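J.: Chains as they are written, first to last, in the numbering used here: chain R, 410 to 762; chain Y, 2 to 283; chain S, 448 to 736.
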Amino acid sequence: MAAQRNIRSLASIVALLATFVLAGVPAYASGNSETQASAAGSTGTVKLLNVSYDPTRELYEDINAAFEKYWKDKTGQTVEIEQSHGGSGAQARAVIDGLEADVVTLALAYDIDAIAAHGLISPDWQSRLPDNSTPYTSTIVFLVRAGNPKGIKDWDDLAKPGVSVITPNPKTSGGARWNYLAAWGYALKHDGGDQAQAEAFVRAVYKNVPVLDSGARGSTTTFVQRGIGDVLVAWENEAFLALKEQGAGSFQIVVPSVSILAEPPVAVVDKNVDKHGTRAVAEAYLRFLYTPEAQTIEARNFYRPRLQSVASAFSSQFPKVELLTIDQFGGWAAAQKTHFADGGIFDQIYQVQ
Amino acid sequence: MLLKERSILPGFVPAWSYTVLYVSLVLLIPIAALVLKAATLSWPHFWAVVGSPRVVASYRLSLLASLAGAGANAVFGLLIAWVLTRYRFPGRRIVDALIDLPFAMPTAVAGIALTTMFSPVGLLGRALIPLGVKVDFTPLGVGVALTFIGLPFVVRTVQPVLLDLDAEVEEAAASLGASRAQTVLRVILPSILPSWLTGFALAFARALGEYGSVVFISGNLPGKTEISPLIIITKLEQFDYAGAAAVATVMLVFSFLLLLLINLLQWWSARRFEPGARRQPA
Amino acid sequence: MIEQALRAEPARRSEATDERPVVRGALIVVALLFVAVFLVLPLLVVFGQAFAKGVVFYARAIEEPDSLAAIRLTLVTAFAAVSLNLVFGVLAAWTIAKFRFFGRSVLVTVIDLPFAISPVVSGLVFVLLFGAQGWLGGWLSAHDIRIVFAPPGIVLATVFVTFPFVARELIPVMQALGNEEEEAAIVLGASGLQTFFRVTLPNVKWGLMYGIVICNARAMGEFGAVSVVSGHVRGLTDTIPLQVEILYNGYSFTAAFAMASLLAFLAIATLVVKSLVEWRLSRESKDGN
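(1) Figure out for me which residue from S:VAL676, S:ARG471, S:SER569 and S:MET667 has the closest Cα to the Cα of S:ILE687.
(2) Which word fits R:HIS748, buried or exposed, when buried means at least 16 other C-beta atoms lie within 10 angstroms of its C-beta?
(3) Compute the distance between the beta-carbons of R:ALA625 and R:PRO577, then report whether it is under 8 Å.
(4) Excluding sequence positions up to five away, which residues of its chain have a Cβ less than 6 Å from the Cβ of Y:PRO153?
(5) Hey, Y:VAL50 and Y:LEU62 are a contact pair by Cβ (cut 8 Å); roughly how many whole angstroms apart?
(6) Would you check if there are 3 or more beta carbon pairs closer than 8 Å linking the region 199-212 of chain Y to the region 552-562 of chain S?
(7) Output the distance between the C-alpha atoms of R:PRO435 and S:SER514, rounded to the nearest integer angstrom.
(8) Does the beta-carbon distance from R:THR546 to R:ALA657 come in below 8 Å?
(9) Count the CB pairs spanning the region 675-685 of chain S and the region 589-608 of chain S that are closer than 8 Å, and state whether there are at least three.
(10) By DSSP's criteria, R:THR546 is part of a beta bridge. Which residues make up the other side?
(11) So what does DSSP say about S:PHE429, is it helix, strand or coil?
(12) By DSSP, does S:ALA579 sit in helix, in strand, or in coil?
(13) Hey, out of R:ALA518, R:THR465 and R:LYS483, whose CA is closest to R:SER493's CA?
(14) Going by DSSP, what residues sit across from R:GLU491 in a beta bridge?
(15) Using a Cβ-Cβ cut-off of 8 Å, state whether R:GLU654 counts as contacting chain S.
(16) Are the region 492-501 of chain S and the region 700-711 of chain S in contact at 8 Å, needing three or more beta carbon pairs?
(17) Report yes if the CB atom of R:LEU515 is closer than 8 Å to the CB atom of R:SER461, and no otherwise.
(18) Would you say Y:ILE232 and Y:VAL248 are within 8 Å of each other, going by their C-beta atoms?
(19) For the beta strand (DSSP E) that R:GLU731 lies in, which residues bound it at each end?
(20) Got a sec: is the Cβ-Cβ distance from R:TYR589 to anything in chain Y below 8 Å?
(21) If you check the beta carbons only, do Y:VAL143 and Y:PHE119 fall under 8 Å apart?
(22) Look at the alpha carbon of R:PHE649 and the alpha carbon of R:TYR712, and state the distance between them as a whole number of angstroms.
(23) Does the beta carbon of Y:GLY220 sit closer than 8 Å to a beta carbon anywhere in chain R?
(24) Quick one: Cα of R:ILE524 to Cα of R:LEU695, how far?
(25) Residues in the same chain with beta-carbon distance under 6 Å from R:LEU621, minus the five sequence neighbours each way, listed in chain order, please.
(26) I want to see whether chain R comes within less than 8 Å of Y:ARG93, judged by CB atoms only; does it?
(27) Span of the alpha helix (DSSP H) holding R:GLN634?
(28) Would you mind telling me which residues of chain S sit closer than 9 Å to Y:SER256, beta carbon to beta carbon, in chain order?
(29) Can you check whether the C-beta of R:TYR462 is within less than 8 Å of a C-beta belonging to chain Y?
(30) Look up R:ARG696 in the DSSP assignment and say whether it is helix, strand or coil.
(31) Compute the Euclidean distance between the alpha carbons of R:VAL504 and Y:LEU132, then round it to the nearest angstrom.
(32) Could you give the residue range of the beta strand (DSSP E) that holds R:GLN760?
(33) Out of R:GLY560, R:GLY753, R:ASP600 and R:GLY602, point me to the one whose CA is closest to R:VAL640's CA.
(34) Could one say the Cβ of S:ALA508 lies closer than 8 Å to chain R's Cβ atoms, at least one of them?
(35) Closer than 7 Å by C-beta to R:ALA607: which residues in its own chain qualify, once you throw out the five before and the five after it? Chain order, please.
(36) Comparing C-alpha positions only, which one of R:VAL512, R:LYS481, R:VAL667 and R:PRO558 sits nearest to R:LEU529?
Right, here's the structure in full:
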């Protein structure tokens, strides 16, 4: 009796484990063969890992396909580009902690500076490619509900009582930092450069924020999917994409009088390309981003192209707007320290009483 | 050497050694790495980080919401376990299978699903918001998310014990003139108390650290609906590893003390009630 | 007596050990309501969204190469984590439930710790250990061993997060049973292993089963910890929960919920296996009588 019981209970456990094994072993075997294929890559296939931030998924899907073809035609070599996306800061941290990216394409120069500070990228990275190593730019615009029921036209409408503003948390989102600085810049310009007034203005805007999502996409979802808020402060490319994906009928874009030139830069990660022997292809990949072909893809994905010929072809898509630059805030290091670091102005706005 | 009470059962030394080795490798060394990182801060700096008003407000929210979530689970989890083991009703097996869902559902998905339900256009939001009950982007929402993720703990710890409980003991109590309420309170409850407490402790502890589901429903407003794990993430985004490790260490110490307290309580109750509930060899 | 516990259906009870029908009905209704709001509704939301564009779209979403890779990685990870924690859980439960020794309460508490540690921190500790800036990072990099941002890191983080499940399920059950049966077996001349397999294991198999099932479900669904150590390389280091996030953030809501529903299906499948085993066992034990 006891022996029978013991066999049965063993059998039940073995049966349960067996289901895992059956599910797991073939999976593991095929997983292995894949790694071997990648190890054999030196014979004619080269792999690149592009570590990027959240909103560029669609962009790099198109770019990578174009570059793979371009590189094959040019050198006969097959290149496979792997993509990783996430919050810009988190992605920079992953690279610092050992994610072996060949190139990084992030939301802020500040994040690439952080990687450079750990010796993975040469400190002069931003001067190695044209236009501050930023092949495409964007700016910050408003997305409002169809018909603009709250009549939102410019930044000062965001500070009015009764307007609900959706923007992500600048402590966790690169895009949110551009939003914040654009609002700050608008206030400075209107109040003759008075920092205290600018702070009061930004404070009034954040008083209207009911939810601080951790990333730009999260805010878009809150606004678009859940129907919360009257206005979404977003990257121009995010706003266009939301219109495209969610149907143009229910939302419209409002361009404020002043915005900020958002420059998401790119860089080759020197330490990793030297280790992988992929420097040539990695550099070619980034230079490819400046070619007319790639600039057109970027414009089609709602990023503002640098190349004049492409820009004029898409001029109806991108309205002219007065753009501040990060240099007017003393560069990223200074802006980060003043506004977003622990104890900075953003923290003071949310001071716990 | 190991300071243990005498027992005729074998296998203590190898089992103890393996347990301690595994715990050290998988758990203690990584945690030591965390504490060492926090220790790179000077004491005044450490206290400034972990004692700042915003961080303290997040501890308070995390603690209270976890307590509320675990409390709800203690009551309803026990009820569900009881109903599942004692009564027959249509769909019992399906309900039983559903209990583990919060484990299997990625927390982010749970957060999205709950926020969808309670949003102004959601199924429950439409009914609750006119009544003045706002769940999404409030501390209540945090409590709801934490109730969801902790639900299986109480049910799954109490259920096996209820299943193994001897019907004869209850029958004996009844035949000796005990009312049903007396039997439940005096006979059944003491035997399930250790596992019930365990379930509560686990649900509570799990809720303290939860991140994925809460960030969707809480709104993340500093000082109001910002939980401690979010503070850690915020610090990491600024490449402030030491600050993140400091807050993490405080949470760790806190959970450890709480768990220790509840384990002692459970151990005490097991010692107190175990001999009575112990089954005789068949 | 053990056969009685084995019965999958609750036994009909005599009047003396049952509640009045009104009480019983009320309890069932309250329990079902709670389950409906907290479990059924979210599940309906997930499945509703997953099949919003029909079965064909659902199938296509899952056949995506990146999604298939994520499914594979999730299965491998869960298998590894469950196996490791199963062996540990049984030995830890034996140590803790059967013996009284110095430091026992502390050991129990330490085992619970991963529950209380934020998943984010569970991932972070491995980055602090094995990351390029971590304590062992230099050595690993010199030997070209990759742990974080590769499958080993994902397995480690999952093991860490699911660490307590098996042990935690077994300990209360073993404790409730006491030591007499094992002591009797030893006195009658059984060896330690014989005692364990013939006396202890049959008594605790339900706890063990629940432990494995829960450990597996949690291993497959873990998001936060894995997210920190994964690196999010598409098709290589994304698990199902991470793939859900990627799809959701890429405006592929339906595909995201399709992947999420897959986890719910996997959990249900595990539970069906469990129920089948239970049913087989209860039948066999009846035949045995």
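We put the CB at the ideal spot given by N, CA and C, even for glycine.
On a predicted model such as this, the values are computed, not experimentally measured, just so you know.
T.: Judging by the given coordinates:
(1) A check of alpha carbon separations from S:ILE687 across S:VAL676, S:ARG471, S:SER569 and S:MET667 identifies S:MET667 as the nearest.
(2) Buried, since its Cβ has 16 or more Cβ neighbours within 10 Å.
(3) It is a contact, given that the beta carbons lie within the stated cut-off.
(4) So the list reads ILE100, ASP101, PRO103 and PHE104, once near-sequence residues are dropped.
(5) Contact between Y:VAL50 and Y:LEU62 fails: their C-beta atoms lie close to 18 Å from each other, not under 8 Å.
(6) Contact between the region 199-212 of chain Y and the region 552-562 of chain S is present, because at least three Cβ pairs lie under 8 Å.
(7) Interpretation of R:PRO435 is limited by its pLDDT of 40, a score under 50 that renders its predicted location unreliable; no figure is taken from the coordinates.
(8) Contact: no.
(9) The region 675-685 of chain S vs the region 589-608 of chain S: in contact.
(10) Residue pairing for R:THR546: DSSP places it in a beta bridge opposite R:ARG713.
(11) Because chain S in this structure spans residues 448 to 736, residue 429 of chain S falls outside the shown range and cannot be described.
(12) Three-state result, S:ALA579: coil.
(13) By alpha-carbon distance to R:SER493, the top candidate from R:ALA518, R:THR465 and R:LYS483 is R:THR465.
(14) Answer is R:LEU458, bridged to R:GLU491.
(15) Yes, because at least one Cβ of chain S sits closer than 8 Å to the Cβ of R:GLU654.
(16) A contact exists between the region 492-501 of chain S and the region 700-711 of chain S.
(17) For R:LEU515 and R:SER461, yes; Cβs fall inside 8 Å.
(18) Yes, they are a contact pair.
(19) Here the beta strand (DSSP E) through R:GLU731 covers 731-733.
(20) No, R:TYR589 does not count as interfacial toward chain Y.
(21) If you check the CB distance, Y:VAL143 and Y:PHE119 do not come in under 8 Å.
(22) Each residue's Cα considered, the two are about 10 Å apart.
(23) Yes - at least one Cβ of chain R is within 8 Å of the one on Y:GLY220.
(24) Our two residues, R:ILE524 and R:LEU695, have alpha carbons roughly 17 Å apart in a direct line.
(25) Non-local beta-carbon contacts of R:LEU621 in its own chain, meaning distances under 6 Å to residues more than five positions away in sequence, involve ASN578 in chain order.
(26) Cβ-Cβ to chain R under 8 Å: no for Y:ARG93.
(27) For R:GLN634, no alpha helix (DSSP H) segment is defined, and its DSSP state is neither H nor E.
(28) Taking the beta carbon of Y:SER256 as reference, the chain S residues within 9 Å of it are ASP559, LEU560, PHE562, ALA563 and ILE564, listed in sequence order.
(29) False, the Cβ-Cβ gap to chain Y never drops below 8 Å.
(30) Helix.
(31) Whole-angstrom Cα-Cα distance: 49 Å.
(32) Unbroken run through R:GLN760: none, as it is neither H nor E.
(33) Nearest of R:GLY560, R:GLY753, R:ASP600 and R:GLY602 to R:VAL640, Cα basis: R:GLY560.
(34) S:ALA508 does not count as touching chain R.
(35) The residues are TRP593, ALA596, LEU597 and ASP600.
(36) For R:LEU529, the nearest C-alpha among the options comes from R:VAL512.
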